[in-house]
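Colleague:
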Amino acid sequence: MIGYLRPDGRKGVRDTILVVYLVECAHFVAREIASAFAPQKVQVIGFPGCYPNDYAFAMMRALCTHPNVGAVALVSLGCEGFDRGELGSAIAASGRPTTTLTIQETGGTRRTIETGRRWIAATLESLQATPRVPLAWADLIIGTICGGSDGTSGITANPAIGRCFDTLVRDGTACIFTEAGELVGCEDFMASRSPDPAVADEVYRCLSKAATYDHAMGHGSFAPGNAEGGLTTQEEKSMGAYAKSGDSAIMGVLRPCERPARGGLFLVDDIPEGAPVFGYPNVNDNAKLAELIACGAQILLFSTGRGSVVGSAIAPVVKICANPDTFERLGDDMDINAGAILSGTATLDQVGAQIRDAIADICRGAETKSEALGHQEFILSYKTYGALGPSCLART
Amino acid sequence: MGVADDPRLIALSPRDNVCVACADLAAGERLIVDGAPLGLDANVALGHKVARHDIAAGADIVKYGARIGIATRAIGRGQHVHVHNMKSGYLPTYTLDAAHRYLGRTE
Chain A
24 MIGYLRPDGR
34 KGVRDTILVV
44 YLVECAHFVA
54 REIASAFAPQ
64 KVQVIGFPGC
74 YPNDYAFAMM
84 RALCTHPNVG
94 AVALVSLGCE
104 GFDRGELGSA
114 IAASGRPTTT
124 LTIQETGGTR
134 RTIETGRRWI
144 AATLESLQAT
154 PRVPLAWADL
164 IIGTICGGSD
174 GTSGITANPA
184 IGRCFDTLVR
194 DGTACIFTEA
204 GELVGCEDFM
214 ASRSPDPAVA
224 DEVYRCLSKA
234 ATYDHAMGHG
244 SFAPGNAEGG
254 LTTQEEKSMG
264 AYAKSGDSAI
274 MGVLRPCERP
284 ARGGLFLVDD
294 IPEGAPVFGY
304 PNVNDNAKLA
314 ELIACGAQIL
324 LFSTGRGSVV
334 GSAIAPVVKI
344 CANPDTFERL
354 GDDMDINAGA
364 ILSGTATLDQ
374 VGAQIRDAIA
384 DICRGAETKS
394 EALGHQEFIL
404 SYKTYGALGP
414 SCLART
Chain B
53 MGVADDPRLI
63 ALSPRDNVCV
73 ACADLAAGER
83 LIVDGAPLGL
93 DANVALGHKV
103 ARHDIAAGAD
113 IVKYGARIGI
123 ATRAIGRGQH
133 VHVHNMKSGY
143 LPTYTLDAAH
153 RYLGRTE
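As given, the protein sequences belong to chains A and B, one line each in that order. Just add 23 to the spot in the first sequence (first one is 1) and you have the working numbering. Just add 52 to the spot in the second sequence (first one is 1) and you have the working numbering.
Pasting the structure below:
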């Protein structure tokens, strides 16, 4: 496996240029700049809000200095609340080529698009010189979520991802999972998987936050349709989601933007702190993927039963399809057919090994289905981790 | 080794005392599980659970290697396991000590 070496010693599996809008008012210009280039090389991310938010700043800083990112063009309208100077300095300090285009100063839409495209064309040339180095399993951080789940997800794709995670953890990879709201009911089991009592305590704290938050938002309960699909209890449903994590000990609980310090299995706490302020913890699957990427994940494993088609900006997404009928219908979007377990033509271990092989192929340049189709979904919303937020979320 | 196990019923963890149906199965069907025959007492739809061993009333139901509930009556090998013979063992801890622990820390 081959990685792109960054000045800070981290290794990426892609060498993407990001065009980053710092408020929705700059989104169109950013998209137009990127549209002249292949989506696999130049991608758009951004933050739509005009008012500043510590979480959003920390996310943008983590994403713009992610090892899969080779260079960054910031696009500012000029009067938004986002601190473009500080973000630009952080990117420059990471050793990446970067520029800040301020639409109000550059002279409007047309001139900013032309300036941006010229910068990117020149930067694409200079990225040819990015050093390529051998990449080991211990250099990787792999994230997982599920989306568009159905009754097959907990039987095939999720436990198969768990088998894959078990082998990755043995080889020193950091494996991260999230979606605390989906795990309510298995807190005792998860705590028993944490060798460190302080980590077990963090697991309880995270899941109780999730349960209270979901209650406040009016969702998160066990639905009648679950029982029709054969699920009897809340803890059974949650264990189906937890199955993606495999059998490893939980080594720590991270907040978004915190990177695992070593290999092993880590939970990413996606639940905001304090009373609910900005709504749902994460508004959709891509918001979760963005947090896992901000925690350093270079590659993401996405379990789906009904068939999600999304990819993501920055990190390749491997779609693992739980349901053989869905795979039949949406095969162009699916990387792995975990439904073969239901057909009796593959075992959980065999599908786990296929997922591991797919990761290795990506690290040798192979495109995932969503990358080849040009997917680059991205979303970032307001969130607060309050006064208890970890140091990684502080601005300085 | 005896006869190969039927892939239509799988145990997700070796510690489990239930198997999951990978297809819709009919009452009276005989399948091989753990090398021995197992007869189904009811129609079992895809995704539903079947007892892999005899399970005593009050014993844990184990799936994914974890307790997912408690048997409310004795369940024989091959019987369908669902709301009629098991219940949740989950106490919503967020309403109890864990919530106190969390709130105590944030205030």
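All C-beta atoms, glycine included, are put in the ideal place defined by N, C-alpha and C.
For A:M240, is the classification buried or exposed, using 16 other Cβ atoms within 10 angstroms of its Cβ as the cut-off for buried?
Modeller: The count along the first sequence starts at 1 and reaches residue 240 of chain A at position 217. Flag for A:M240 reads exposed.
Colleague: Using a beta-carbon distance below 8 Å, is B:V55 in contact with chain A?
Modeller: Along the second sequence, read from residue 1 onward, the residue named residue 55 of chain B stands at position 3. Closer than 8 Å: no.
Colleague: In angstroms, rounded to a whole number, what distance separates the CA positions of B:R67 and B:A103?
Modeller: Numbered from 1 along the second sequence, position 15 holds the residue referred to as residue 67 of chain B. Numbered from 1 along the second sequence, position 51 holds the residue referred to as residue 103 of chain B. The straight-line gap from Cα to Cα measures roughly 13 Å.
Colleague: For the stretch 196-227 of chain A, enumerate the residues whose C-beta is nearer than 7 Å to any C-beta of chain B, in chain order.
Modeller: Taking 7 Å as the Cβ-Cβ cut-off against chain B, the residues of the stretch 196-227 of chain A that qualify are G208, C209, E210, F212, Y227.
Colleague: Using a Cβ cut-off of 8 Å, pull out every chain A residue sitting near B:A75, in sequence order please.
Modeller: Position 23 of the second sequence holds residue 75 of chain B. Those within 8 Å of B:A75 in chain A are L365.
Colleague: At what residue ranges does the stretch 58-138 of chain A contain a whole run of the alpha helix (DSSP H), taking only runs of 4 or more?
Modeller: Within the stretch 58-138 of chain A, the complete alpha helix (DSSP H) runs of at least 4 residues are 77-87, 107-116, 126-129.
Colleague: Against chain A, does B:L92 count as a neighbour if the rule is that its beta carbon must be under 8 Å from one of theirs?
Modeller: On the second sequence, position 40 is the one that residue 92 of chain B refers to. It does not: the Cβ of B:L92 has no partner Cβ on chain A nearer than 8 Å.
Colleague: May I have a chain-ordered list of the alpha helix (DSSP H) segments no shorter than 4 residues that lie completely inside the stretch 340-403 of chain A?
Modeller: Within the stretch 340-403 of chain A, the complete alpha helix (DSSP H) runs of at least 4 residues are 347-353, 363-366, 371-385, 392-396.
Colleague: State the Cα-Cα distance for the pair A:I322 and B:A108, rounded to the nearest angstrom.
Modeller: Residue mapping note: residue 322 of chain A aligns to position 299 of the first sequence, counting from 1. Residue mapping note: residue 108 of chain B aligns to position 56 of the second sequence, counting from 1. Going by the C-alpha atoms only, they are around 45 Å apart.
Colleague: Determine, using beta-carbon pairs with one atom in the stretch 85-98 of chain A and one in the stretch 110-123 of chain A, whether at least three such pairs fall under 8 Å.
Modeller: Output reads yes: the stretch 110-123 of chain A touches the stretch 85-98 of chain A.
Colleague: Please list the terminal residues of the continuous beta strand (DSSP E) segment that includes A:S326.
Modeller: Start at 1 with the first residue of the first sequence, and residue 326 of chain A comes out as number 303. 322-327 is the extent of the beta strand (DSSP E) around A:S326.
Colleague: Less than 8 Å between CB atoms is the rule here; does B:R104 satisfy it with respect to chain A?
Modeller: What you label residue 104 of chain B is simply residue 52 of the second sequence in a count that begins at 1. Answer no: the Cβ-Cβ gap between B:R104 and chain A never drops below 8 Å.
Colleague: When you compare each of A:T327, A:P120, A:S99 to A:V340 by their alpha carbons, which one comes out closest?
Modeller: Residue numbering aside, residue 340 of chain A sits at position 317 when the first sequence is read from its first letter. Looking at the Cα atoms, A:T327 is the closest of the given residues.
Colleague: Specify the secondary structure class of B:P59 as computed by DSSP and reduced to three states.
Modeller: Taking the first residue of the second sequence as 1, we reach residue 59 of chain B at position 7. Residue state, collapsed to three classes: coil.
Colleague: Three-state secondary structure (DSSP) at B:L155?
Modeller: Looking up residue 155 of chain B in the second sequence gives position 103. In this prediction, B:L155 has a pLDDT of 47, which is less than 50 and means its spatial position is unreliable; nothing more can be read from the coordinates.
Colleague: Going along chain A, which residues have a C-beta under 9 Å from B:K60?
Modeller: Taking the second sequence and counting its residues from 1, one reaches residue 60 of chain B at position 8. For the record, residue 60 of chain B in the displayed sequence is Arg; it is not Lys. Going along chain A in sequence order, the residues near B:R60 (Cβ under 9 Å) are L365, G367.
Colleague: When the cut-off is 8 Å and only beta carbons count, does A:I178 lie next to chain B?
Modeller: For the purposes of this step, residue 178 of chain A is taken as the residue at position 155 of the first sequence. It does: the Cβ of A:I178 has a partner Cβ on chain B nearer than 8 Å.
Colleague: Which residues share a DSSP beta bridge with A:R155?
Modeller: Taking the first sequence and counting its residues from 1, the one referred to as residue 155 of chain A is at position 132. In DSSP, A:R155 forms a bridge with A:Y27.
Colleague: Would a check of beta-carbon distances place B:I163 closer than 8 Å to chain A?
Modeller: Given that chain B is displayed from residue 53 to residue 159, the structure contains no residue 163 of chain B and the question cannot be resolved.
Colleague: I'd like to know if A:E351 contacts chain B, where contact means its C-beta is closer than 8 Å to some C-beta of that chain.
Modeller: Position 328 of the first sequence holds residue 351 of chain A. Chain B contact via Cβ: absent.
Colleague: Which ranges would you report for the beta strand (DSSP E) in the stretch 230-315 of chain A if only whole runs of at least 3 residues count?
Modeller: The qualifying runs are 273-277, 287-291.
Colleague: The alpha helix (DSSP H) that contains A:C187, what's its start and end?
Modeller: Along the first sequence, one-based indexing puts residue 187 of chain A at 164. Element bounds for A:C187: 180-193.
Colleague: Note down, in chain order, all residues in the stretch 125-137 of chain B with a beta-carbon under 9 Å from any beta-carbon belonging to chain A.
Modeller: Result list: V133, H134, V135.
Colleague: The stretch 232-264 of chain A: which residues have C-beta closer than 7 Å to a C-beta of chain B, in chain order?
Modeller: Going along the stretch 232-264 of chain A in chain order, one finds K232, A234, T235, A250, G252, G253, T255, T256, Q257, E258, E259, M262 with a Cβ nearer than 7 Å to chain B.
Colleague: What are the boundary residues of the alpha helix (DSSP H) that includes A:D211?
Modeller: Position 188 of the first sequence holds residue 211 of chain A. Element bounds for A:D211: 210-215.
Colleague: Could you tell me whether the Cβ of B:L83 comes closer than 8 Å to any Cβ of chain A?
Modeller: Taking the second sequence and counting its residues from 1, the one referred to as residue 83 of chain B is at position 31. So, not an interface residue.
Colleague: Is the stretch 219-226 of chain A touching the stretch 185-192 of chain A in the sense that three or more CB pairs, one from each, lie closer than 8 Å?
Modeller: As far as the Cβ criterion goes, the stretch 185-192 of chain A does not touch the stretch 219-226 of chain A, which means the pair count is below three.
Colleague: Taking B:I113 and B:N69 to be in contact with their CB atoms under 8 Å, please state how far apart those CB atoms are, rounded to whole angstroms.
Modeller: On the second sequence, residue 113 of chain B is found 61 positions in, with the first residue counted as 1. On the second sequence, residue 69 of chain B is found 17 positions in, with the first residue counted as 1. That pair is a contact at about 7 Å.
Colleague: Does the count of Cβ pairs from the stretch 173-188 of chain A and the stretch 262-278 of chain A closer than 8 Å reach three?
Modeller: As far as the Cβ criterion goes, the stretch 173-188 of chain A touches the stretch 262-278 of chain A, which means the pair count is three or higher.
Colleague: Of all the residues that make up the stretch 137-148 of chain A, which are near chain B by a beta-carbon distance shorter than 7 Å?
Modeller: Taking 7 Å as the Cβ-Cβ cut-off against chain B, none of the residues of the stretch 137-148 of chain A qualify.
Colleague: Please tell me whether A:P182 has its Cβ less than 8 Å away from any Cβ of chain B.
Modeller: Numbered from its first residue, the first sequence carries residue 182 of chain A at position 159. It does; some Cβ of chain B falls within 8 Å.
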